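Protein sequences, first through last, are from chains A and B. Take any residue in the first sequence, note its place counting from 1, add 1489, and you have its number in our numbering. Take any residue in the second sequence, note its place counting from 1, add 19, and you have its number in our numbering. Glycine is no exception: its CB is placed at the ideal position from the N, C-alpha and C atoms. Predicted model, so just to flag it, every value in this text is computed and none were measured. Have a look at the structure below before the remarks.
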Amino acid sequence: MTAGSANPSRPGLAGPGGLARAASRVLHAHPRLRLVGLLAAPMLWLVVAYLGALLALFLTAFWTVNDFTGSVVHLWNLDNFTTLLGRSVYRTVAARSLGVASLVTLLDAAVALPMAFYMAKVASPRAQKWLVVAILTPLWASYLVKAYAWRVMLSSDGVIDWALGPLGLRGPGYGLPATVITLAYLWLPYMVLPIFAGLERIPQSMLEASSDLGAGAGHTFRAVVAPLLLPAIVAGSIFTFSLSLGDYITVKIVGGATQLFANVIYDNLLTANDLPFAAAAGLFPVSVMIAYLAVVRRTGALENL
Amino acid sequence: MTLSRGARLALTLAMGAGLALVYVPLAVVLVNSFNTSRTFGWPPAGFTLDWWVRAWQAQGLTTALWTSVQAGLGATGIAMVLGTMAAFAVSRYRFFGRQAVSFLVLLPIALPGIVTGIALNNAFRTVLSPLGIGLGLFTVIVGHATFCVVVVFNNVLARLRRIAGSLEEASMDLGAGIGATFWRVTLPSIRSALLAGGLLAFALSFDEIIVTTFTAGAGVQTLPIWIFGNLFRPNQAPVVNVVAAALIVLSVLPVWLAQRVGGDSGGGRL
């Protein structure tokens, strides 16, 4: 892939002594050179452009903004962090965000487990193929469209109110419960698919052995399936947790006046034009996610993505 | 384990309920796009095709759609090249920091989009502005490519782990250069994985709104940005609903394509 081509119709097959041939020979003799060639572009992009940008962002967290001119003052201090940790409103919003992300993850796991179980162990191979497609298809439908669908569902005189009406109940309307429901809906396929793949990897013979040794379905699930399935569930939770933690759009669409932590970041950057403070606030979800990834690495979940 | 009749029934019911949960909201949007009522009271007051006609003429909609397609194609192209290169490096070589490469590729999608968004926004404004490059389509593509690399990487890596490197060695032993070996031996065997990853990358980019918000600047509107901008305008509700309905219908297309391409499952790995 690194050698140029002298003849477009037969790439890489230049005449004897051609430049491509020479380059190919050098590369063939030096695997390290091939490795450098392969890694140079992706690493330049991800390390220099991406990590560099992240690092620069977190350096600005230690600066402040001049209240009058709105320009960034390059004076090292911890003001942003003292404000973040000191004001109770930020602690409340952070706790709320963590709660929402955890609740969404639990809800998704609870809904996804039986679905994945049915797909992997009950459905016929033919039905299974269609069910995978049925779970995948909404993943391709736009994120905004799905959040919008719940805005329609939850609106007053919407479908939920209409369905609950005969029971004398009303839907939750827009607010925190609506946000949790919508986020759980949005990320559900990210949980179903890894669990399904994880179940598929458990050999049927192992389940039969457990059953032959006298374990009931419940016991087999606890003693055999659950430990083997944990990395898959954790892999799904990386998506559900991280995506919920960083979301500020869904909460704007169905959350009413509710604020999540990502809204704090967004508002500080776009409304208050305070990049240093937004950067400091951004460190919260990042450190949570890095801690989360570091913990779950041991379960082998990262290989299950 | 042998599931009892009761357990099978319970699982079947759970599957049915789950599927209903997934599809009812989408169906409601579809039905509503024909609803005569502007406020979408349920059940629909009557049915009309009016909104679909009007959506065609909605201001900025087709431009936004075109911008999204361009951004998606650009980001997918970059992600396919970078992701494949990184996947080759990780699967065919043993080197110090190999784990770190996998981790680094995953990072842009594992970290909250808003952090990636403001980090890139800050970097673009600091580095590119002095060069005379403002925020626009170019910066959107760069931003999208960053988090699209991982899906191509994962798909190609999964395939490369299954195919043996011995085929490539045989090709080179027979006198083919590195380029010819890549085009004639390696590429055909990873093609479907590459396409599945590319398809997923395009979908990710086409759908992205958070990183886009921070990298697009004022003049550039992708389709999600357009939808979000019109979502809270009551008199635009019918048009937004039609766009939403159209996107739901169109989401069948990539799934069908992925099946044709024959990648892993319906749409490749996440």
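- Against chain B, a Cβ distance below 7 Å from Arg1510(A) picks out Gly196.
- In this chain, Pro149(B) is not harboured by any alpha helix (DSSP H), its DSSP state being neither H nor E.
- Close CB contacts of Gly1687(A) within its chain, under the 6 Å cut and outside five residues either way in sequence, are with Leu1718 and Ala1721 (chain order).
- With a beta-carbon spacing of about 24 Å, Met1778(A) and Phe1685(A) fall beyond the 8 Å limit used to define contacts.
- Secondary structure of Thr1739(A) (DSSP, three-state): helix.
- Its chain contains no residue whose beta carbon lies nearer than 6 Å to that of Ile1738(A) once the 5 sequence neighbours on both sides are disregarded.
- Residues of chain A whose Cβ lies closer than 8 Å to the Cβ of Trp85(B) do not exist; the shortest such Cβ separation is about 16 Å.
- Counting only Cβ-Cβ distances below 7 Å, Met1642(A) has contacts in chain B at Pro44 and Val47, in chain order.
- Contact residues of the stretch 103-116 of chain B toward chain A are Met104, Ala105, Phe107, Ala108, Tyr112 and Phe114 (C-beta to C-beta distance below 7 Å).
- In the structure shown, Val1561(A) adopts extended strand secondary structure according to DSSP, grouped into three states.
- Of all alpha-carbon atoms in Gly1707(A), Gly1705(A) and Val1714(A), the one lying nearest the alpha-carbon of Met1695(A) is that of Val1714(A).
- Neighbours of Asp1646(A) across chain B, judged by C-beta separation under 9 Å: Thr58, Phe59, Gly60 and Trp61.
- Looking at the backbone, the Cα of Leu1524(A) and that of Leu68(B) are separated by about 58 Å.
- The Cβ atoms of Leu126(B) and Ala1706(A) do not sit closer than 7 Å to each other.
- Among the bridge pairs identified by DSSP, Thr1747(A) is matched with none.
- Between Ala46(B) and Val261(B), the gap from beta carbon to beta carbon reaches 7 Å or more.
- Per DSSP, Asp1756(A) lies in no alpha helix (DSSP H) and is assigned neither H nor E.
- By the Cβ criterion, the stretch 140-156 of chain B is in contact with the stretch 233-244 of chain B, since at least three pairs of Cβ atoms, one from each stretch, lie closer than 8 Å.
- Counted as a single uninterrupted DSSP element, the alpha helix (DSSP H) harbouring Phe1606(A) occupies residues Ser1577 to Phe1606.
- Distance between Met34(B) and Pro1603(A), taken at the CA atoms: about 7 Å.
- A check of alpha carbon separations from Gly1771(A) across Ala1518(A), Pro1614(A), Ala1599(A) and Phe1551(A) identifies Phe1551(A) as the nearest.
- Ranked by Cα distance from Thr1747(A), the first of Val1589(A), Val1536(A) and Ala1783(A) is Val1589(A).
- For Tyr1737(A), the neighbours in chain B by C-beta distance under 7 Å run, in chain order, Ile133.
- Counting only the Cα atoms, Phe1730(A) lies some 50 Å from Arg1510(A).
- One Cα belongs to Leu101(B), the other to Val1784(A), and the distance between them is close to 28 Å.
- Taking a cut-off of 8 Å on C-beta distances, the stretch 172-179 of chain B touches the stretch 102-109 of chain B, as three or more cross pairs fall below it.
- Between the alpha carbons of Glu188(B) and Ser1513(A) lies a gap of roughly 13 Å.
- According to the DSSP assignment, Ile228(B) belongs to no alpha helix (DSSP H), since it is labelled neither H nor E.
- In the structure shown, Val41(B) falls within a helical segment according to DSSP collapsed to helix, strand and coil.
- The residue from Thr55(B), Gly60(B), Phe59(B) and Val268(B) with its alpha-carbon nearest to that of Phe66(B) is Thr55(B).
- Taking the Cα of Ala1768(A) as reference, the smallest distance to any Cα among Thr1626(A), Leu1546(A), Trp1651(A) and Tyr1663(A) is reached at Leu1546(A).
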